[in-house]
Structures are given as C-alpha cells and as structure tokens.
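Numbering (the working numbering), first residue to last: 1 to 364. The C-beta atom is built at its ideal place from N, Cα and C for all residues, glycine as well.
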Ligand code: PMP
C-alpha cells in the first residue's frame, strides 16, 4: 500500500471511506431540471441595486455573529411566531448537520428516524455525527406509513425525526394530522424536524404551530425561493433548544455577502413570491401535459418538481440527456421509486422544451 493510502486508512473513518461523494451532475450545455432551482433571475434594476449594496460590504471584517438584521427580516417577513427566533445555516444542509451534532450522544448511540425515500442528507448527517439512522419506507402510493413511523418511534426512541414537508424526492405533502401524531409521539424525548424547503410551492406550514409543541423544529431555506447560490437556511424552535443548537453552529457560518444579499432579497420578497406563483402555475400546466401523455403516471406535487413513473426510466433519461435535458433519475433510490423520474418545474419555455424532448424520447 502506498504511504498516502496507509495514511488515509489510519486516519479516515472506514464508514467515511466507504461512502460515495454527494454527486452533482455537470450541467454545462444542458437545460437544468435536476436540482429544484428557481429558473428566474432578479430583475435587472434590482441587480444593479444589489451590486451597489454588495460593493459596500466590508470584506475585511468578520460578519457580526448575531446576524441581527437578516434574522429580523426573516422573523418579520417569513411567518415566525412572536417570541420565536431563528438560527441560520450555510444552507439548510448545515442546519441538518448542526441538529445531528447537537443530539449525537457520547455514551450511547442516538437515533434519527425519517421516512424513506426522503432527502439524503438526513441519513448522511446522522451517519457522520455517529448516530444510527432508521428509514421507514413510504407506502407504495408514496404516502406516509403512520403506524410504521409510530412503531419505529416507540422502538428506537429517536432524538430526531426528519419530515420533509413536502417530501423530496416524491413531491407530496404528508397528512398534517399524521405529522401532529408523530410530534406527539415524540413528546418528552425527541424532536420532530419539519423541513419546509419547498414551502413557497406548498403554501402549507407548521411555523405558526411552534407554540403548540415544545419539540417541534421548523426548518426552511431560501434556496428554492430563488437564492440557491447564496446558501442560507434558517430554523426556528423553542428558544431553549435554539440556544443549544447555536453553540454547535460555527460562529461566522454566514458570510457577509450572503447576509447582505439575503437582506436585499427579503426587502424585495414580493419579487420572489411572484416567481414562486409563476412556478406554481407552471407546475399545474406541466403536470397536466405529462398526465395527457401515454404511459406516464404523475404523482401529486406540492413542490417545484414533479415525480413521474414511466415504463423504462433509464431509457427515457438517457434519451433526455441526448437532447441536452438534465433531470433526476431517482429510480434506484428506493424500491418504491422504481422507474421514477424527478423533473424540476421551470419557465414555460424550458418546460415545453422538456416536454418536446420527453415526447421524442418516448417515441424513439
Ligand atoms: N431539505 C430538503 C427537503 C431539500 O430537498 C434540500 C435540497 N435539495 C435541502 C433541505 C437543502 O437545501 P439547502 O442546503 O440548499 O438549503
């Protein structure tokens, strides 16, 4: 074995060596419908104002670690209940890992439970923090298996249960009553994390219900709203919990450019909200068009992406790639997703290019 391989083996955890890197496809030259991004830019006049604000930022200084002004705007504009604060993450990815780091015990293995398939970082972050992960399969119709979730909670007494609302990669909203049943089942020993990354497209939230449940954490991101590039997530919960999570957060995790760009965007939130409304309308059109095609099963979506099932997902995906259209082939993620593809909703123009390429792929 080479000296460097010996060094890797003696220093890096075997379970880290064993996993594959988080794969991000190279999208250059493709219509990019794989990552749930908002296809719209800020309008030109706003971009000029933003450029000025960014030019004035003191790049030589660390951020002020309280992040008061951006947090104030989030609290005021994004429905955080009175008396509740938020903590910020470098994307909600970082918040997931902060939650796991804060809850991984040293004297025993703590557990994370989540429905599966769901967002892959729940499992990864649990693993890297040294927690056990228990995935509870969704039912064949992709709805939550509440009895199985409650049984897993009773058996494993998880510290954390992650619920993507709506769920990625399936797009559906789990029943509100089921989520409440899970929150109640965890009462006294575990936290329910309702991950509302796709809230702008679902317009359903647990944020206003925080005061009802001490063990509820509501997590969101500005990524899908149109700011994926700045990397900003936020979460709210009882102040006593937030104070603990905040100790695990790296002190300057949100950079000054992100901070200023987020403040600017939140001052113009109506622009992003209009874009989300356009995407919701485009989602309805795209779902209807797909449903009218032969051999396509379209699942309900409350997100900015649509899950479909086709007779041969690998073949369709390969043909879409040859048409320079990038979507996500999720068919191997879990057996309930056999032959499923996930398509991000985009502009009417890109959606129709996709539909043409899809029709051609079916015909070929
Ligand atoms: N939660 C869910 C359910 C997601 O699908 C994603 C991204 N795909 C994230 C969280 C992470 O978002 P970000 O790190 O961009 O905030």
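Give the secondary structure of residue i by DSSP, where H, G and I count as helix, E and B as strand, and everything else as coil.
i           : result
residue 363 : helix
residue 206 : coil
residue 263 : helix
residue 71  : helix
residue 297 : strand
residue 255 : coil
residue 229 : helix
residue 327 : coil
residue 337 : helix
residue 77  : helix
residue 186 : coil
residue 42  : coil
residue 313 : helix
According to DSSP, residue i sits in a beta bridge with which residue or residues?
i           : result
residue 116 : 137
residue 305 : 344
residue 220 : 234
residue 132 : 111
residue 162 : 193
residue 32  : 326
residue 88  : 234
From this set, the options, which residue's C-alpha is nearest residue i's C-alpha?
i           : options               : result
residue 125 : 61, 33, 160 and 353   : 160
residue 223 : 155, 240, 303 and 173 : 303
residue 350 : 33, 25 and 263        : 33
residue 247 : 95, 63, 108 and 7     : 95
residue 56  : 102, 321, 259 and 165 : 259
residue 290 : 357, 134 and 27       : 357
residue 361 : 316, 330, 331 and 326 : 316
residue 149 : 288, 269, 183 and 299 : 183
residue 333 : 319, 313 and 321      : 313
residue 226 : 205, 275 and 188      : 275
residue 242 : 9, 257, 261 and 215   : 215
residue 142 : 319, 321 and 301      : 301
residue 158 : 165, 132 and 175      : 132
residue 412 : 23, 27, 69 and 174    : Nothing can be reported for residue 412: it is not among the residues displayed for the chain, which extend from 1 to 364.
residue 213 : 270, 201, 199 and 185 : 185
residue 58  : 287, 257, 326 and 348 : 257
What whole-angstrom Cβ distance do residue i and residue j have, given they're in contact under 8 Å?
i           : j           : result
residue 197 : residue 221 : 5 Å
residue 207 : residue 81  : 7 Å
residue 339 : residue 294 : That belief does not hold up - the Cβ atoms of residue 339 and residue 294 are roughly 15 Å apart, past 8 Å.
residue 286 : residue 345 : 6 Å
Looking at residue j and residue i, is the spacing between their C-beta atoms short of 8 Å?
i           : j           : result
residue 169 : residue 342 : yes
residue 130 : residue 151 : no
residue 12  : residue 266 : no
residue 251 : residue 65  : yes
residue 232 : residue 88  : yes
residue 324 : residue 29  : yes
residue 306 : residue 67  : no
residue 31  : residue 299 : no
residue 145 : residue 136 : yes
residue 163 : residue 204 : no
residue 187 : residue 165 : no
residue 17  : residue 8   : yes
residue 50  : residue 261 : yes
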